[in-house]
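Q: Provided herewith is a single structure, encoded as structure tokens, for subsequent inquiry.
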Amino acid sequence: MARGRIRLALCLVALLAALVATTGARATMEPADVVGQSAPKLVPHSKLPGPGAFEGPVYKLAVNGIEIGYRQFGRGPDLIMVTGDTAPMSLWLPYLLRPLAQDFRVTIFDNRGVGYSTDDLSRPITVPLMARDTGELIEALGLQKPTLVGWSMGGEIGLTLAEQKPTMLSALVTTGGDAGSAHTVPPPAGLVRKLADPKTGVKVFLELLFPPTPAGGAATARFVRGYESIPQEKVSPRTLKRQETAEEAFLRYDATWRGLPGITTPTLLTNGAVDRGVPPVNARRIHARIPKSQISIYPGAAHGMAFQDAERFAAQVAAFSAVARAGAATG
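Under our numbering, the first residue of the sequence shown carries the number 35, and numbering increases by one thereafter.
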């Protein structure tokens, strides 16, 4: 079962790479004030072209023994977004980020070993380690009790951070995430086999993100256009293997699952109703264990639900975050 989940992640990255190859870049943006750290380093020629111009260039900052590459844009309370298995921050496509940037100062970043972020090969990558990376980046950038949005493995990281640092976040939103341990329901083995088949893989991958329905077809076309519109970062075979090991270990890691009842951060668990990659039963199980959490299952949506209905998802994140911040202010 663990292997099925991990191979799904590896197939996903390989198939993304097969979709397109693009080049280009443009935009401007200043980094946030950095607390107690050396100044961020601007990465030359990292500005995005066209639809991604508003995201600004990449900056790199020393955090937890590595350098993390990140972008910041927008105005408002802080929002930090954590990507899924081996996915670079460039997979947060402009049509999802733009509405979020209307309500938040958004920080997106590459997990260790991915894209612009470096790795420390002297230690294994684990989900708890990436949660620590995320927490230390929040502190280094001086983000003020941000809302965290985590997709897939990013949801695992968000839940683990909320368990590790109960007062760090103002709100947590997961989409297609799980809490690890033997309680996680993996994708069906047949799906993983189809993804690995070069004759059908890309088609099945897109159907993993978006269902084979008229609405799913429109979402697929929009996703591919968005993906083609900006340069996509590279993920090395070594990082693929190291994150494979991290996911394998997380399915044996019980601390996040055991700690769910102690999470006090306002938590919204979202999932596609027809998500075969991370079945929605995982969100329901987590919801049952986190006091006062909320759950939102998107009908007719799959693992790419945040992209399938980007405007609705962005509005839901903004509304949930606003209520959480208001509750904290009055509580």
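Just so you know, even glycine gets a beta-carbon here, dropped at the ideal spot from N, CA and C. Owing to the predicted nature of the structure, the values given are computational and were not obtained by experimental measurement.
#1: Sort Phe-257, His-321, Val-116 by Cα distance to Gly-189 and report the nearest one.
#2: Give a yes or no on contact between the segment 287-298 and the segment 189-203, applying the rule of three or more CB pairs nearer than 8 Å.
#3: Who does Val-269 pair with in a DSSP beta bridge?
#4: Determine the closest residue to Asn-305 out of Arg-276, Gly-210, Ser-327, Glu-345, with distance taken between C-alpha atoms.
#5: With the cut-off set at 7 Å, would you say Val-97 and Glu-170 are in Cβ contact?
#6: Return the CA-CA distance between Gly-338 and Gly-99, expressed in angstroms with no decimal places.
#7: Do the segment 256-265 and the segment 154-166 meet, that is, are 3 or more Cβ pairs less than 8 Å apart?
#8: Taking the alpha-carbon positions, what's the Ala-360 to Asn-316 distance?
#9: Can you name, in chain order, every residue of its own chain whose Cβ lies under 7 Å from the Cβ of Ile-172, other than the five neighbours on each side?
#10: Reducing DSSP to helix, strand and coil, say where Lys-94 ends up.
#11: Leaving out five residues before and five after Asp-309 in sequence, what residues of the same chain have Cβ atoms less than 6 Å from its Cβ?
#12: Do you know how far the Cα of Ala-196 is from the Cα of Asp-153?
#13: Trp-291 lies in the alpha helix (DSSP H); which residues open and close that run?
#14: Alpha carbons only, please: which of Ile-331, Ala-280, Pro-333 is nearest the one belonging to Gly-214?
#15: With a threshold of 16 other CB atoms inside 10 Å of the CB of Arg-60, please say whether the residue is buried or exposed.
#16: May I have the straight-line CA-CA distance separating Ile-329 from Ala-255, to the nearest angstrom?
#17: When the Cα atoms are used, what is the spatial distance from Ala-174 to Val-236?
#18: Does Ile-320 come out as helix, strand or coil in the three-state DSSP assignment?
#19: When the distance is taken between beta carbons, is Ser-124 closer than 7 Å to Gln-266?
#20: Are the Cβ atoms of Pro-128 and Gly-86 separated by less than 7 Å?
#21: Measure the alpha-carbon distance for Leu-274 versus Ser-186 and round it to whole angstroms.
#22: Would you report the Cα separation of Ile-297 and Ile-324, rounded to the nearest angstrom?
#23: Report the rounded CA-to-CA distance for Ser-151 versus Pro-122, giving the unit in angstroms.
#24: Less than 8 Å between the CB atoms is what I'm expecting for Thr-120 and Val-77, so what's the real figure, rounded?
#25: Going straight from the alpha carbon of Gly-58 to that of Leu-82, what length do you get?
#26: Can you pull the DSSP bridge partners for Leu-177?
#27: Does Arg-286 come out as helix, strand or coil in the three-state DSSP assignment?
#28: Please report the distance separating the alpha-carbon of Arg-346 from that of Tyr-332.
#29: Who are the Cβ neighbours of Pro-314 in its own chain at under 8 Å, not counting the five residues just before and after it?
#30: Is there a Cβ of chain B sitting closer than 7 Å to that of Val-97, yes or no?
#31: Whose CA, out of Ala-283, Thr-364, Glu-282, Pro-74, lies closest to the CA of Gly-176?
#32: Taking only three categories from DSSP, how would you classify Ile-102?
#33: Secondary structure at Arg-132, three-state DSSP: helix, strand or coil?
A: The relevant details are as follows:
#1: Val-116
#2: yes
#3: Val-148
#4: Gly-210
#5: yes
#6: 32 Å
#7: no
#8: 29 Å
#9: Ile-114, Pro-180, Met-202
#10: strand
#11: Gly-210, Ala-336, His-337
#12: 23 Å
#13: 289-293
#14: Ala-280
#15: Per-residue confidence for Arg-60 stands at a pLDDT of 33, beneath the threshold of 50, marking its modelled position as unreliable; no derived number is given.
#16: 28 Å
#17: 39 Å
#18: helix
#19: yes
#20: yes
#21: 16 Å
#22: 6 Å
#23: 9 Å
#24: The Cβ separation is near 20 Å, so there is no contact.
#25: With a pLDDT of 37 at Gly-58, under the threshold of 50, the predicted position of this residue should be treated as unreliable, though the coordinate-derived value follows. Rounded to the nearest angstrom, the two C-alpha atoms are 7 Å apart.
#26: Answer is none; Leu-177 lacks a bridge partner.
#27: coil
#28: 10 Å
#29: Asn-305, Gly-306, Ala-307, Ile-331
#30: Considering every chain present, this structure includes no chain B. It has just one protein chain.
#31: Pro-74
#32: strand
#33: helix
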